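Residue numbers (the numbering used here): 806 to 923. Using N, Cα and C, we set each Cβ at its ideal position, and we do this for glycine too. What you are looking at is a predicted structure, and each value in this text was computed from that prediction instead of being measured. The block underneath contains the structure these notes are about, expressed in structure tokens.
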Ligand SMILES: [Cu+2]
């Protein structure tokens, strides 16, 4: 009787550290623009990131001049863009806080302001 034996070679996986750390979703630009002044209250805030986002774990909150929430709640996410519609908030300083999960499973967050007024 001939017994053939299989020699199982377990492949050694070399987990190489790649340049992955630079790939987080950072804010590329925003509309209204970061720190800018616009004449009338915008109907939405749109943020564009350097990487695609996971919609379920990405949020924007916007507060108006009196500290009241003016964002409509759940943002819409498409690729590397996220936007949220705004309720009327009047003139003054608006604070935008964002928190996103990118497709590489890393979370990033940040904030900025813009002004509404003549
Ligand atoms: Cu990352």
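Alpha carbon to alpha carbon, how far is residue i from residue j?
i           : j           : result
residue 913 : residue 855 : 11 Å
residue 892 : residue 872 : 13 Å
residue 837 : residue 905 : 19 Å
residue 885 : residue 869 : 25 Å
residue 840 : residue 901 : 10 Å
residue 849 : residue 874 : 13 Å
Keeping to the same chain, check which residues put their C-beta closer than 6 Å to that of residue i; ignore five residues upstream and five downstream.
i           : result
residue 896 : 921, 922
Give me the residue from the options with the minimum Cα distance to residue i.
i           : options       : result
residue 830 : 864, 857, 844 : 857
Excluding the five sequence neighbours on either side, which residues of its own chain have a C-beta within less than 7 Å of the C-beta of residue i, listed in chain order?
i           : result
residue 847 : 837, 891
residue 828 : 856, 909
If residue i sits next to residue j, beta carbons under 8 Å apart, how far is it from one beta carbon to the other, in whole angstroms?
i           : j           : result
residue 843 : residue 860 : With 8 Å as the limit, residue 843 and residue 860 do not qualify as a contact, their Cβ atoms being about 27 Å apart.
residue 866 : residue 898 : At roughly 15 Å, the Cβ-Cβ gap does not stay under 8 Å, so residue 866 and residue 898 are not in contact.
Taking DSSP's pairing of strands, which residues face residue i in a bridge?
i           : result
residue 835 : 852
residue 913 : 905
residue 886 : 853, 883
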